[in-house]
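All remarks here apply to the structure that follows.
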Amino acid sequence: MSDLYPLHGEYILLFKTSISFIDHLQQFYSAVLIACTLVEPPVIELKRNLFGIIEVLQLVDECRKHTRKLVEKNIIAALNILKSRTRAALLD
Numbered sequence: 000m001s002d003l004y005p006l007h008g009e010y011i012l013l014f015k016t017s018i019s020f021i022d023h024l025q026q027f028y029s030a031v032l033i034a035c036t037l038v039e040p041p042v043i044e045l046k047r048n049l050f051g052i053i054e055v056l057q058l059v060d061e062c063r064k065h066t067r068k069l070v071e072k073n074i075i076a077a078l079n080i081l082k083s084r085t086r087a088a089l090l091d
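Residue numbers (numbering that gives the first Met the number 0): 0 to 91.
Structure, rendered in structure tokens:
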């Protein structure tokens, strides 16, 4: 490891120690769970219809797809604006 990341005199090393099991789990799973969507289905409806969770998850999936399309459109529009500004700046 020291071959890949050699230490120099001005470097300061910090170590983090979890104070509880829950903190440790949060740190361990946060990288995995950060990309997951939190779904909180309505409890009252689930009590009435247990299979309603399927409908909720389908709606969440549709919403995610729609949101992704909107984000992609906005990113493309922003990139086009940046390209045009860069071209204009280069021509000046």
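All C-beta atoms in this analysis are idealised placements derived from N, C-alpha and C, irrespective of residue type, glycine included.
Note to self: Going by DSSP in three states, N161 sits in which element: helix, strand or coil?
What the structure shows: No statement about residue 161 is possible, as the shown extent of the chain runs from 0 to 91 and does not include it.
Next item on the list: Output the distance between the C-alpha atoms of E61 and A88, rounded to the nearest integer angstrom.
Entry: 41 Å
Notebook entry, point to check: Measuring CB to CB, does L58 end up less than 8 Å from G51?
Noted result: no
Check: Rounded to the nearest angstrom, how far is the Cβ of L56 from that of V38, given a contact under 8 Å?
Finding: 7 Å
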